[in-house]
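**Student:**
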Amino acid sequence: MAFQFWKKENWRHLDISMKVLLALLFLLVGLIPMGVLGLMMNRSFQRTQIDGRIIEVQNQSLITSDRLTRADYMGAAKGDALIGRELDTVADIFNGRIVVVDRNFYIVKDTFNLSEGKINVSEPVIRCFQGEHGILREDEKQYFAVTDPIYDTTPERNIVGVLLTIASTENILSNISSVGENARFFMIIAFVVLALVGTVLAFLLVKPFERLQLSLDRMADGNLGENISENTYRETRTISEALQKTKTKLQTVDQSREEFVANVSHELKTPLTSIRVLADSLMGMEEVPAELYREFMTDISEEIDRESKIVDDLLSLVKMDKSASELNIAQVDINALIQQILKRLTPIAQKRNIDLIYESIRDVTAEVDEMKLSLAISNLAENAIKYNVENGWVRVTLDADHKYFYVRVADSGIGIPEDKQDSVFERFYRVDKARSRETGGTGLGLAITKNVVLMHYGSIRLTSKEGEGSVFTMRIPLTYII
Ligand code: ADP
Numbered sequence: 014m015a016f017q018f019w020k021k022e023n024w025r026h027l028d029i030s031m032k033v034l035l036a037l038l039f040l041l042v043g044l045i046p047m048g049v050l051g052l053m054m055n056r057s058f059q060r061t062q063i064d065g066r067i068i069e070v071q072n073q074s075l076i077t078s079d080r081l082t083r084a085d086y087m088g089a090a091k092g093d094a095l096i097g098r099e100l101d102t103v104a105d106i107f108n109g110r111i112v113v114v115d116r117n118f119y120i121v122k123d124t125f126n127l128s129e130g131k132i133n134v135s136e137p138v139i140r141c142f143q144g145e146h147g148i149l150r151e152d153e154k155q156y157f158a159v160t161d162p163i164y165d166t167t168p169e170r171n172i173v174g175v176l177l178t179i180a181s182t183e184n185i186l187s188n189i190s191s192v193g194e195n196a197r198f199f200m201i202i203a204f205v206v207l208a209l210v211g212t213v214l215a216f217l218l219v220k221p222f223e224r225l226q227l228s229l230d231r232m233a234d235g236n237l238g239e240n241i242s243e244n245t246y247r248e249t250r251t252i253s254e255a256l257q258k259t260k261t262k263l264q265t266v267d268q269s270r271e272e273f274v275a276n277v278s279h280e281l282k283t284p285l286t287s288i289r290v291l292a293d294s295l296m297g298m299e300e301v302p303a304e305l306y307r308e309f310m311t312d313i314s315e316e317i318d319r320e321s322k323i324v325d326d327l328l329s330l331v332k333m334d335k336s337a338s339e340l341n342i343a344q345v346d347i348n349a350l351i352q353q354i355l356k357r358l359t360p361i362a363q364k365r366n367i368d369l370i371y372e373s374i375r376d377v378t379a380e381v382d383e384m385k386l387s388l389a390i391s392n393l394a395e396n397a398i399k400y401n402v403e404n405g406w407v408r409v410t411l412d413a414d415h416k417y418f419y420v421r422v423a424d425s426g427i428g429i430p431e432d433k434q435d436s437v438f439e440r441f442y443r444v445d446k447a448r449s450r451e452t453g454g455t456g457l458g459l460a461i462t463k464n465v466v467l468m469h470y471g472s473i474r475l476t477s478k479e480g481e482g483s484v485f486t487m488r489i490p491l492t493y494i495i
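Okay, so the sequence shown: first residue is 14 according to my numbering, each after it adds one.
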């Protein structure tokens, strides 16, 4: 399909090198004003040349008609050969033709000797007899004619004849066209020079962008150590800065991915090592009593549970990965949701005689992903029970304002030291590894909770004092922001 100029999209996908565009631009910007100027100068030169020639011929005609009047050329000296030769000379001098017409429109003298005795009733001649001086310009036919009256010698000065001078402008025009030829030659030279200069300039101007592209290519090849700084233009500087930022981010992602993989392998290996030790020691023993078998097998089974819990948590976390996940948003009764969670956790709490208190300040219905939010609140409540003291308490509070709802999980537990409070949300981070292992923790619970909160455009805050207890507060918008 042909290129449609009026369509914006077409211009957006030109796929032309910027160098070509710039070179063309330089050429046009240089040539167009030069062409227009040349044309204008040519016109005005032509006009002044022709005007000058007309004035010259007019003066000459005035002088000649005056001379004819004084010599009484239309009366006593009619047809005088001497004057006739004079007229021939004058006509030759300005390269024109002189015709004298008498009162009866008969041509009495023609320096071209072509029409003597013939009648001339042309418009300028008639008008001249009526007392109007005039010129007739025929620029197209490359000539002009000037008329001047010839008078008799009486004091009344009657018009008795007309001096008609015809001159050609051909010479002038051919002069001008030779000037035009020179100008064209000059234009061609200018075109070549402009094209060369434009191309060189275009190459130089685009160079910084090419350097940027090279850096980008190297980055794409995985060379993240590359320092990108191209400060020639403000544009290239801002692009470099943006690239530098992207690069730093990529490096962080790369690094955290490596750390994550290392952590995952380590975490998955721990239960496997335990299983291997247990199995090896069983195999190394001869005549093992059945109880010992059972005990070891129970331990192995626990380690397998642990392994599968880690895998489950990891899967939840991967599913939760912000960009990859799709939220299943619906109107959810948060009160009912929390009650359900707490009911499920009551047996675990009862085991350690922990008091589970639920306080609902307001009924809340919000647009959330029920499954994911349930997981997030469960993790908080479970931790509050796990990291608690015997006979302690856990208080879950639900509140809301016009924009957000708040779930607060407070406990009377062991608390988290201040310097560790930022780290607890990291994957696999545990304050006390031994205790967490005892309680079957994977170190992923709070990372999952934080991800869920962020997916809902909410925030989570922790205040805690070692030995006194912790308070986790999550704030989530009532309506999901798309
Ligand atoms: P875990 O599976 O080990 O419980 P989490 O990500 O849920 O992993 O928690 C990370 C760490 O934060 C825990 O190992 C624990 O040390 C600490 N922690 C979490 N919740 C509490 C709490 N309510 N009281 C004290 N420490 C807590």
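All C-beta atoms in this analysis are idealised placements derived from N, C-alpha and C, irrespective of residue type, glycine included.
Would you decide whether Gln226 is buried or exposed? Buried here means 16 or more other CB atoms lie within 10 Å of its CB.
**Tutor:** exposed
**Student:** How close, in whole Å, do the beta carbons of Ile111 and Val103 come, if the pair is a contact with beta carbons under 8 angstroms?
**Tutor:** Contact between Ile111 and Val103 holds: CB atoms are separated by about 7 angstroms, below the 8 angstroms threshold.
**Student:** Between the alpha carbons of Leu34 and Thr212, how many angstroms are there, rounded?
**Tutor:** 10 angstroms
**Student:** Can you find the residues in the same chain that come closer than 8 angstroms, C-beta to C-beta, to Lys20, ignoring five residues on each side of it along the sequence?
**Tutor:** none
**Student:** Where Ile68 and Val173 are concerned, what is the direct C-alpha to C-alpha distance, given to the nearest angstrom?
**Tutor:** If you take the alpha carbons of Ile68 and Val173, they lie about 24 angstroms apart.
**Student:** Along the chain, which unbroken stretches of the alpha helix (DSSP H) at least 4 residues long are found entirely within the region 102-165?
**Tutor:** 136-142
**Student:** According to DSSP, is Ala379 part of a helix, a strand, or is it coil?
**Tutor:** strand
**Student:** Under the assumption that Ile354 contacts Ser387 (Cβ atoms under 8 angstroms), give the Cβ distance between them as a whole number of angstroms.
**Tutor:** 6 angstroms
**Student:** Rounded to the nearest angstrom, what separates Ala203 and Val42 at their Cα positions?
**Tutor:** 12 angstroms
**Student:** Which whole-angstrom value describes the C-beta separation of Glu243 and Met232, a residue pair presumed to lie in contact below a C-beta threshold of 8 angstroms?
**Tutor:** That pair is no contact at about 13 angstroms.
**Student:** Answer yes or no: does any C-beta atom of chain C fall closer than 8 angstroms to that of Ser74?
**Tutor:** Any reference to chain C falls outside this structure, which holds one protein chain only.
**Student:** Would you call the region 363-370 and the region 458-478 in contact, with 3 or more CB pairs under 8 angstroms?
**Tutor:** no
**Student:** Using the three-state DSSP reduction, which class does Glu183 fall into: helix, strand or coil?
**Tutor:** helix
**Student:** Going by DSSP, which residues form a beta bridge with Tyr371?
**Tutor:** BP columns for Tyr371 point to Val409.
**Student:** Let me know the secondary structure DSSP gives Ser329 once reduced to three states.
**Tutor:** helix
**Student:** Considering only their Cβ atoms, is the gap separating Val402 from Ile427 smaller than 8 angstroms?
**Tutor:** yes
**Student:** Where DSSP assigns a beta bridge to Met487, which residues make up the other side?
**Tutor:** Answer by DSSP bridge pairing, in chain order: Val420, Ile473.
**Student:** Would you say the beta carbon of Ile427 comes nearer than 7 angstroms to a heavy atom of ligand 1?
**Tutor:** Yes, the Cβ of Ile427 comes within 7 angstroms of a heavy atom of ligand 1.
**Student:** To the nearest angstrom, how far is the alpha carbon of Leu40 from that of Asn188?
**Tutor:** 30 angstroms
**Student:** Would you say Leu330 touches ligand 1, meaning its beta carbon is less than 7 angstroms from a heavy atom?
**Tutor:** no
**Student:** What are the partner residues of Asp346, as DSSP defines its beta bridges?
**Tutor:** For Asp346, which the question treats as bridged, DSSP gives the partners Thr378.
**Student:** For Ala337, which residues in the same chain have their Cβ closer than 6 angstroms to its Cβ, ignoring the five residues on either side in sequence?
**Tutor:** Low confidence applies here, because Ala337 scores a pLDDT of 47, under 50, leaving its location unreliable; read the following figure in that light. Closer than 6 angstroms at Cβ, skipping near neighbours: no residue.
**Student:** Could you tell me which of Met87, Lys220, Phe118 sits nearest to Lys32, measuring between CA atoms?
**Tutor:** Lys220
**Student:** Quick one: give me the first and last residue of the alpha helix (DSSP H) that Glu299 is part of.
**Tutor:** Per DSSP, Glu299 belongs to no alpha helix (DSSP H) and is neither H nor E.
**Student:** Going by C-alpha distance, which of Tyr246, Glu304, Val345, Tyr164 is nearest Glu223?
**Tutor:** Tyr246
**Student:** If I measure Cβ to Cβ from Ile185 and keep anything under 7 angstroms in the same chain, skipping five residues before and after, which residues do I get?
**Tutor:** Gln62, Ile63, Arg66
**Student:** Below 8 angstroms, can you find three or more Cβ-Cβ pairs linking the region 378-398 to the region 457-471?
**Tutor:** yes
**Student:** Whole angstroms is fine: what's the gap from Thr486's alpha carbon to Val266's?
**Tutor:** 28 angstroms
**Student:** Since Val70 and Val159 should fall inside the 8 angstroms C-beta cutoff, what is the C-beta to C-beta distance between them, to a whole number of angstroms?
**Tutor:** 5 angstroms
**Student:** Have a look at the DSSP bridge pairing and note the partners of Ile172.
**Tutor:** Tyr164
**Student:** Can you have a look at Leu467 and say buried or exposed, based on whether 16 or more other CB atoms are within 10 angstroms of its CB?
**Tutor:** exposed
**Student:** If you follow the alpha helix (DSSP H) that Asp234 is in, where does it begin and where does it stop?
**Tutor:** Run containing Asp234: none; DSSP gives neither H nor E here.
**Student:** The alpha helix (DSSP H) that contains Lys463, what's its start and end?
**Tutor:** Under the DSSP assignment, Lys463 falls in the alpha helix (DSSP H) whose first and last residues are 458-468.
**Student:** For Leu217 and His26, I'd like the C-alpha separation in whole angstroms.
**Tutor:** 24 angstroms
**Student:** Between which two residues does the alpha helix (DSSP H) harbouring Ile68 extend?
**Tutor:** 31-83
**Student:** What residues in its chain sit with their C-beta under 7 angstroms from that of Phe157, if we drop five residues either side in the sequence?
**Tutor:** Ile67, Ile148, Leu149, Arg150, Glu151, Ala180, Thr182
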